[in-house]
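Below is one structure; the comments refer to it alone.
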Ligand code: UDP
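This is the structure:
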């Protein structure tokens, strides 16, 4: 649904790496810094957040080491719920009202995923955090970010990255000649195999004309992106 308020509404994707500050688990100082920015921007913008879980488990990696893929993916999804709760805590400390919705039912810690209720929370000024991905193995939280953005009528998907500040012509960690792209279509990103966001997420956004901003989370970039500043790379239809 489109927002019933005249405020801007966005879907922010935070990868698990953002929570761990590069290592396993949750780094409270890092999460506090992110939460402070989101709480401030939430005074003017309706914000929903999809959290990743790569700081705990990635299903594909565990299955390469012998685990059943579906079970490993559920472990991955449960990791995202821990990130959701950590973010909720620091957001509340920073003065924001929040709700966590989980795609896997666990009613003691989170509401179930109910999109219309999520929209109602945002209209009331609450930040909504979506945990447990889609609740489905073989999906990524990038894809869930695209899907939730569509379902709740967000203006765009904001993909905050750790250690890279946009879409590059090649992986800048591997290819020193890689340059940053300011603006690219989904079609081109897919054809060129630019994997900074997974292909399923790109194609879902392409098919539904949902714009995406891919940017680095240094400094106060998260707050600026939420408020509509064009940082990093714009990906569009
Ligand atoms: N996952 C899943 N289904 C989903 C979302 C996530 O199975 O809808 C699992 C998957 O194993 C994934 C893990 O949860 O590797 C953590 O999510 P993701 O890798 O997307 O986190 P990020 O890379 O953003 O930290």
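Numbering (this note's numbering), first residue to last: 56 to 292. All C-beta atoms, glycine included, are put in the ideal place defined by N, C-alpha and C.
Check: Residue 213 in three-state terms, based on DSSP; Outcome: strand
Check: Length of the line joining the Cα atoms of residue 201 and residue 111; Outcome: 22 Å
Check: Any beta strand (DSSP E) of 3 or more consecutive residues that is wholly inside the region 180 to 206; Outcome: 182 to 186
Check: Rounded distance between the beta-carbons of residue 187 and residue 159, thought under 8 Å; Outcome: 4 Å
Check: contact_flag[the region 175 to 183, the region 221 to 234] where n(CB pairs < 8 Å) is 3 or more; Outcome: no
Check: Any non-hydrogen atom of ligand 1 within 6 Å of residue 293 CB; Outcome: Not covered by the structure: residue 293. The range shown for the chain is 56 to 292.
Check: Option in 256, 90, 119, 282 with minimal Cα separation from residue 290; Outcome: 256
Check: Closest by C-alpha distance to residue 221, when choosing among 261, 285, 71; Outcome: 285
Check: The alpha helix (DSSP H) enclosing residue 103, as first and last residue numbers; Outcome: Note, residue 103: premise wrong, no alpha helix (DSSP H); beta strand (DSSP E) at 100 to 106.
Check: Helix, strand or coil at residue 283 [DSSP, three-state]; Outcome: coil
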